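In the numbering used here, the protein residues as written are 25 to 321.
Even glycine gets a Cβ: it sits at the ideal position worked out from N, Cα and C.
Keep in mind the model is a prediction, meaning the values are calculated, not measured.
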Ligand code: NAD
């Protein structure tokens, strides 16, 4: 492929092959792209090879082999560390798409320092949407860089929207995380309330989902919450990270997010009780504890 364009087949260097990165890389492979991947976990590299990808010995090796670098890492310091490898091994004609959810200020800083154009393209939808290739992708960066990234983002995403300049994708993702955390907490409170009244909760969830209270958390997460199944999914630790970034960004903008601040405290308390590795719907455990019905610790 000519550098500077993303034609039908791209050589992709994919760094960060976890819960989200792994199925995204698999979908890029299925749609005919070459993927050379790197992750700290050898299990994840084995998984990439089984899907038809090539394992790289380091992040730098994955960058060198690529036309397009895609990162899907946990947090701002991880992206900043890998950005060092991208700067050391990258070339101006490449493109970097960072799909991690990180602080907007970090996204702007690493994009400005990178040798190639960069797009911040965090995603929403979770593991199932990553498998289905139907993620919602909120992209920030120069319009030309987004246009080059678009064919690849369309492979992993169902809704792909350019929302502004560098860091804008991350800002929109923080708004997404504010809404998701708040809705999970409200659904958890509704479930504990309904159960305390002995209502048929399956029936209640069905009817609630059809009215103004309907939302994606009720549709996709309520069944797991009713069954007390909190296998991640999206880990409490990651949501805690996002709400920390949200608090800082809201403060920078001088904006009040009172309900967001309360939910951030609840997520922090759940994590302090040792539940950082559970799905974020485990907020239900905390509502039960606060109601004297169970013990989150
Ligand atoms: P994860 O922990 O499952 O995956 C991250 C991967 O990065 C791991 O496999 C880890 O080994 C690897 N890694 C970390 N540092 C590395 C480094 N320096 N070099 C190479 N590999 C490294 O996390 P995830 O759930 O896939 O989430 C990734 C990002 O996507 C996070 O920012 C998260 O907030 C966001 N996100 C997650 C979901 C979800 O439902 N899981 C949904 C939307 C967005």
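Compare the beta carbon distance of residue i and residue j with 9 angstroms and say whether it is the shorter of the two.
i	j	result
residue 85	residue 60	yes
residue 326	residue 87	There is simply no residue 326 to check, as the chain begins at 25 and stops at 321 in what is shown.
residue 165	residue 193	yes
residue 294	residue 307	yes
residue 119	residue 145	no
residue 196	residue 187	yes
residue 125	residue 143	no
residue 304	residue 236	no
residue 57	residue 36	yes
residue 225	residue 250	yes
residue 277	residue 297	no
residue 163	residue 185	yes
Return yes when the C-beta of residue i is under 8 angstroms from any heavy atom of the ligand NAD, and no when it is not.
i	result
residue 123	yes
residue 106	yes
residue 177	no
residue 245	no
residue 259	yes
residue 139	no
residue 147	yes
residue 280	no
residue 302	no
residue 162	no
residue 224	no
residue 64	yes
residue 68	yes
residue 58	no
residue 33	no
residue 151	yes
residue 319	no
residue 249	no
residue 98	yes
residue 83	yes
residue 11	Only positions 25 to 321 of the chain appear in the structure, and residue 11 is not among them; the question remains open.
residue 298	no
residue 89	no
residue 208	no
residue 128	no
Give the single residue among the options whose Cα lies nearest to the Cα of residue i.
i	options	result
residue 93	62, 72 and 81	62
residue 191	215, 244, 225 and 121	121
residue 264	241, 234 and 300	300
residue 131	242, 117, 273 and 286	273
residue 283	208, 309, 220 and 163	208
residue 74	47, 91, 102 and 184	47
residue 55	77, 41, 239 and 42	77
residue 105	204, 116, 117 and 133	133
residue 64	227, 117 and 98	98
residue 271	258, 287 and 256	287
residue 183	167, 200 and 158	158
residue 181	41, 52, 313 and 33	52
residue 204	266, 189 and 231	266
residue 167	189, 231 and 113	189
residue 268	285, 257 and 279	285
To the nearest whole angstrom, what separates the beta carbons of residue i and residue j, a pair I think is in contact under 8 angstroms?
i	j	result
residue 111	residue 138	6 angstroms
residue 246	residue 223	Not a contact, Cβ separation roughly 13 angstroms.
residue 149	residue 160	5 angstroms
residue 169	residue 141	4 angstroms
residue 44	residue 154	5 angstroms
residue 202	residue 291	Rounded, the Cβ-Cβ distance is 11 angstroms, inconsistent with contact.
residue 302	residue 254	4 angstroms
residue 49	residue 69	That belief does not hold up - the Cβ atoms of residue 49 and residue 69 are roughly 11 angstroms apart, past 8 angstroms.
residue 315	residue 216	6 angstroms
residue 109	residue 135	That pair is no contact at about 15 angstroms.
residue 102	residue 34	Between residue 34 and residue 102 the Cβ distance is about 23 angstroms, and since that is not below 8 angstroms, they are no contact.
Answer with yes or no whether the minimum CB distance from residue i to chain B is below 9 angstroms.
i	result
residue 240	Given the protein chain composition of this structure (a single chain), no chain B is represented.
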